[in-house]
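Asker: In the UniProt record's numbering, the protein residues as written are 1 to 353. Note that beta-carbon positions come from the ideal geometry of N, C-alpha and C, so glycine has one too. Because the structure is a prediction, the values reported are computed rather than measured.
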Amino acid sequence: AATYMVIITCSSIYCIILFNGTFQKAMEDGGSRVLKERLEKFFHRYLQTLHLQSCDLLDVFCGISFFPLDKMTYLKIQSFINRMEESLSIVKYTVFLYNDQLIWSGLEQDDMRILYKYLTTSLFPRHIEPELAGRDSPIHAEIPGNLQHYGRFLTGPLNLNDPEAKCRFPKIFVNTETAYEELHLIVYKAMSAAVCFMIDTSVQPTLEFCRKLDSIVGPQLTVLASDICEQYNINKRISGSEKEPQFKFIYFNHMNLAEKSTIHMRRTPSISLTSVHPDLMKILGDINSDFTRVDDDEEIIVKAMSDYWIVGKKSDQRELYVILNQKNANLIEVNEEVKKLCATQFNNIFFLD
C-alpha cells in the first residue's frame with residue numbers, strides 16, 4: 001500500500017503535466033498515439049528515479065521544506081527578485097531557494113510542489129557545488145573585468161564563452177487562471193542559493209540574454225547567498241545550542257504543503273538517512289494510513305516494542321508525528337510532553353487537545 005501511495009501521491013500525474021502538458025493537449029497534438037508515447041517516455045524515466053526502499057512518510061506527503069528566515073533577510077530577497085524581474089523583463093515567474101529549501105515562489109502550489117521535487121531530487125543532486133572544491137576560485141574569476149561571483153546555469157548553456165553554446169532550457173507547463181502556460185525553465189545557482197526564472201516559450205532565450213542574466217544575477221546572488229548564510233548562523237547562535245531533545249517529529253500542513261522533520265538527517269533520491277529505527281518509521285506510516293481513512297481530527301498514541309512512544313495528531317488539515325524517547329513515561333506524561341513541543345515549536349499553530 002505504501003509503495004502504491006508513493007507512486008500515486010508523489011504526484012506522478014502532476015509531474016507528467018508539468019513537463020508534458022495536459023492529456024488533452026497530447027490528444028490535440030496527435031491523438032491517443034502521442035499520449036501513449038509521452039506516457040511511456042515519462043514513466044520509463046520516472047520509475048527509475050523511485051527508490052522505494054528508501055521511501056517514507058515524507059514521500060507520501062510530497063511537501064515543501066521552507067527555509068527559516070528573519071524579516072530583514074526576507075525583504076532583501078524580495079527586493080532582489082523585484083530587481084531581477086525588472087532588469088530581465090521577459091521573466092514571467094520566479095522561484096527562490098536556499099539550501100534546497102523554498103523561500104519565495106511565484107507559482108501555484110501544485111506546480112511548485114512538483115517543481116520543488118524535481119529540483120531537490122533530480123536537478124540539484126546532479127550538480128556538485130563548485131565551492132566544495134575551494135572558495136578561492138570563483139567560476140568567472142579568469143574573465144577580465146568580470147565581477148567575481150559563483151553563479152552558474154544548472155539548465156541552459158554550459159559555457160558562456162563558447163559562441164556556439166546552446167541556449168536550450170527544459171520546458172514546463174504551469175497552471176494559471178486561464179490555461180496551462182508553456183515556459184522555459186532557467187535555473188541559476190550561486191553557492192547554496194538557487195533562483196528559477198520562467199519565461200514564455202514564445203520567446204527564445206539567446207546567448208546574449210544568458211550572458212546578460214549571468215552578469216546581472218551572478219554577483220548579486222553571490223552576495224545574497226553569503227548574507228543569508230551569515231544571518232542564519234547568527235540566528236542559530238542566538239537560539240543557542242541545546243542538548244539533544246527527548247523527542248523527534250515530522251510535521252505537515254496540507255494547506256500550504258509545508259513539511260518539517262527533525263527525524264531526517266539527509267535525504268537524496270536514493271537514500272533517506274533517518275535518526276530513528278525503520279520499525280518506528282513504519283509505525284508512523286501506519287498511523288498516517290489510519291488518518292487517511294477518517295476526515296475527523298484525531299490523535300493516536302502507540303508504545304512500540306522498543307519502549308519508544310509514538311504520537312500522531314491530526315487537526316485542521318495539519319499532521320504532527322512525534323517519537324518520544326521516554327521509556328518510563330505514562331500516557332499523561334507523554335501527552336504533556338507533546339503539548340510542550342506544540343507550544344515551543346508550533347506556537348502559532350492550533351492543535352486540538
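Using the DSSP secondary-structure output, state which residues sit across from R152 in a beta bridge.
Answerer: On the sequence shown, residue 152 is found 152 positions in, with the first residue counted as 1. Its beta-bridge partners are K189.
Asker: Tell me, please, which residues DSSP counts as bridged to R318.
Answerer: The residue you call residue 318 lines up with position 318 of the sequence shown. BP columns for R318 point to N253 and S315.
Asker: Counting C-beta neighbours from all protein chains within 10 Å, is the total for K339 16 or more, i.e. buried, or is it exposed?
Answerer: Here residue 339 refers to the residue found at position 339 when the sequence shown is read from its first residue. K339 is exposed by the Cβ-count criterion.
Asker: List in chain order: all unbroken alpha helix (DSSP H) runs of 4+ residues lying wholly within the segment 84 to 109.
Answerer: Those alpha helix (DSSP H) runs which fall completely within the segment 84 to 109 and span 4+ residues do not exist here.
Asker: Give the range of the beta strand (DSSP E) segment to which residue 356 is assigned.
Answerer: Missing from the structure shown is residue 356; the chain here goes from 1 to 353 and no further.
Asker: Residues in its own chain within less than 6 Å of S65 by CB, not counting five upstream and five downstream?
Answerer: Stepping through the sequence shown from its first residue, residue 65 is reached at position 65. Excluding positions up to five away in sequence, the list reads Q101 and E259.
Asker: Among S275, G31 and K189, whose alpha-carbon lies nearest the alpha-carbon of V95?
Answerer: By one-based count along the sequence shown, residue 95 stands at place 95. Comparing Cα-Cα distances from V95 to each of S275, G31 and K189, the minimum goes to K189.
Asker: On the criterion of 16 or more Cβ atoms from any shown chain inside 10 Å, does F43 qualify as buried, or is it exposed?
Answerer: Taking the sequence shown and counting its residues from 1, one reaches residue 43 at position 43. Per the 10 Å Cβ criterion, exposed.
Asker: In the DSSP output, what is F247 paired with across the bridge?
Answerer: Counting from 1 along the sequence shown, the entry for residue 247 is found at position 247. L324.
Asker: In this structure, how does DSSP classify E333 when only helix, strand and coil are distinguished?
Answerer: In the sequence shown, residue 333 corresponds to position 333, counting from 1. E333 falls in the helix class under three-state DSSP.
Asker: Could you compute how far the alpha carbon of D29 sits from the alpha carbon of E181?
Answerer: Taking the first residue of the sequence shown as 1, we reach residue 29 at position 29. Taking the first residue of the sequence shown as 1, we reach residue 181 at position 181. Cα-Cα distance, rounded: 16 Å.
Asker: From G145 to I234, what distance separates their C-alpha atoms?
Answerer: By one-based count along the sequence shown, residue 145 stands at place 145. By one-based count along the sequence shown, residue 234 stands at place 234. The pLDDT assigned to G145 is 42, lower than 50, so where the model puts this residue is not dependable; a value taken from the coordinates is nonetheless given after this. Roughly 34 Å between the two C-alpha positions.
Asker: Which of helix, strand or coil does DSSP assign to D200?
Answerer: Residue 200 sits at position 200 when you count from the first residue of the sequence shown. The answer is strand: DSSP assigns D200 an E or B state.
Asker: What are the boundary residues of the beta strand (DSSP E) that includes I287?
Answerer: The residue labelled residue 287 in the question sits at position 287 within the sequence shown. Not the beta strand (DSSP E): I287 falls in the alpha helix (DSSP H), residues P278 to R293.
Asker: Assign L69 to one of two classes, buried (16 or more other C-beta atoms within 10 Å of its C-beta) or exposed (fewer than that).
Answerer: For the purposes of this step, residue 69 is taken as the residue at position 69 of the sequence shown. L69 should be labelled buried.
Asker: Expressed to the nearest angstrom, what Euclidean distance is found between the alpha-carbon atoms of D214 and A194?
Answerer: What you label residue 214 is simply residue 214 of the sequence shown in a count that begins at 1. What you label residue 194 is simply residue 194 of the sequence shown in a count that begins at 1. Each residue's alpha carbon lies about 13 Å from the other.
Asker: Would you kindly work out how many angstroms separate the C-alpha atoms of S105 and Y93, rounded to a whole number?
Answerer: Within the sequence shown, numbered from 1, the residue matching residue 105 stands at position 105. Within the sequence shown, numbered from 1, the residue matching residue 93 stands at position 93. Going by the C-alpha atoms only, they are around 8 Å apart.
Asker: Check whether the segment 206 to 222 touches the segment 119 to 127, counting contact only when three or more Cβ pairs, one atom from each stretch, lie closer than 8 Å.
Answerer: The segment 206 to 222 is not in contact with the segment 119 to 127.
Asker: Looking only at C-alpha atoms, which of K171, T262 and V203 sits nearest to I323?
Answerer: Here the question's residue 323 lines up with position 323 in the sequence shown. Cα-wise, what sits closest to I323 is T262.
Asker: Could you tell me the alpha carbon to alpha carbon distance between P130 and A225, rounded to whole angstroms?
Answerer: In the sequence shown, counting from the first residue as 1, residue 130 sits at position 130. In the sequence shown, counting from the first residue as 1, residue 225 sits at position 225. Because P130 carries a pLDDT of 46, less than 50, the predicted location of this residue cannot be relied on, and the following value inherits that uncertainty. P130 and A225: Cα-Cα distance of roughly 14 Å.
Asker: Please name the residue, chosen from F291, K76, Q246 and I172, that lies closest to V276 on a Cα-to-Cα basis.
Answerer: Here residue 276 refers to the residue found at position 276 of the sequence shown. Among F291, K76, Q246 and I172, the Cα nearest to that of V276 belongs to Q246.
Asker: Measuring only the C-alpha atoms, how far is R293 from K327?
Answerer: The sequence position of residue 293 within the sequence shown is 293, counting from 1. The sequence position of residue 327 within the sequence shown is 327, counting from 1. When rounded, the distance between both Cα atoms is 30 Å.
Asker: Using only the alpha-carbon positions, how far apart do K25 and I90 sit?
Answerer: Within the sequence shown, the letter at position 25 stands for residue 25. Within the sequence shown, the letter at position 90 stands for residue 90. Taking the straight line joining both Cα atoms gives about 25 Å.
Asker: Taking 7 Å as the threshold (C-beta atoms), are F252 and F23 in contact?
Answerer: Within the sequence shown, the letter at position 23 stands for residue 23. Within the sequence shown, the letter at position 252 stands for residue 252. Contact: no.
Asker: DSSP three-state label for S65, please.
Answerer: Stepping through the sequence shown from its first residue, residue 65 is reached at position 65. In the structure shown, S65 sits in a strand (DSSP, three-state: E or B).
Asker: For M112, I'd like the list of residues in its chain whose CB is within less than 6 Å of its CB, leaving aside the five on either flank, ordered along the chain.
Answerer: The sequence position of residue 112 within the sequence shown is 112, counting from 1. If we look at M112 and ignore the five residues flanking it on each side, its Cβ neighbours are S105.
Asker: Would you list the residues sitting across from V195 in a DSSP beta bridge?
Answerer: As a position in the sequence shown, residue 195 is number 195, starting the count at 1. Paired residue(s): F96 and Y188.
Asker: Rounding to the nearest angstrom, what Cα-Cα distance links R135 and Q148 in this structure?
Answerer: Taking the first residue of the sequence shown as 1, we reach residue 135 at position 135. Taking the first residue of the sequence shown as 1, we reach residue 148 at position 148. Reliability fails at R135, whose pLDDT of 42 lies under 50, so the model's placement of it is uncertain and the value that follows must be treated cautiously. About 11 Å.
Asker: Less than 7 Å between C-beta atoms, sequence neighbours within five positions excluded: which residues of the same chain meet that for K248?
Answerer: On the sequence shown, position 248 is the one that residue 248 refers to. Within the same chain, K248 has close Cβ partners T262, I263, S275, V276 and I323.
Asker: Determine the closest residue to Q204 out of F346, A329, S54 and L185, with distance taken between C-alpha atoms.
Answerer: Position 204 of the sequence shown, counted from the start, is the residue given in the question as residue 204. Q204 has its Cα closest to that of L185, out of F346, A329, S54 and L185.
Asker: Throw me the rounded Cβ distance for the I310 and I283 pair, which I believe falls under 8 Å.
Answerer: Walking along the sequence shown from the start, residue 310 turns up at place 310. Walking along the sequence shown from the start, residue 283 turns up at place 283. Rounded, the Cβ-Cβ distance is 5 Å, consistent with contact.
Asker: From the DSSP output, which residues share a beta bridge with F173?
Answerer: The count along the sequence shown starts at 1 and reaches residue 173 at position 173. E182, per the DSSP bridge assignment.
Asker: What do you get for D279, buried or exposed, if any count of 16 or more other CB atoms within 10 angstroms of its CB means buried?
Answerer: Within the sequence shown, residue 279 is the residue found at index 279, counting from 1. Exposed is the call here.
Asker: Ends of the beta strand (DSSP E) at K260?
Answerer: Taking the first residue of the sequence shown as 1, we reach residue 260 at position 260. First-last of the beta strand (DSSP E) with K260: A258 to S261.
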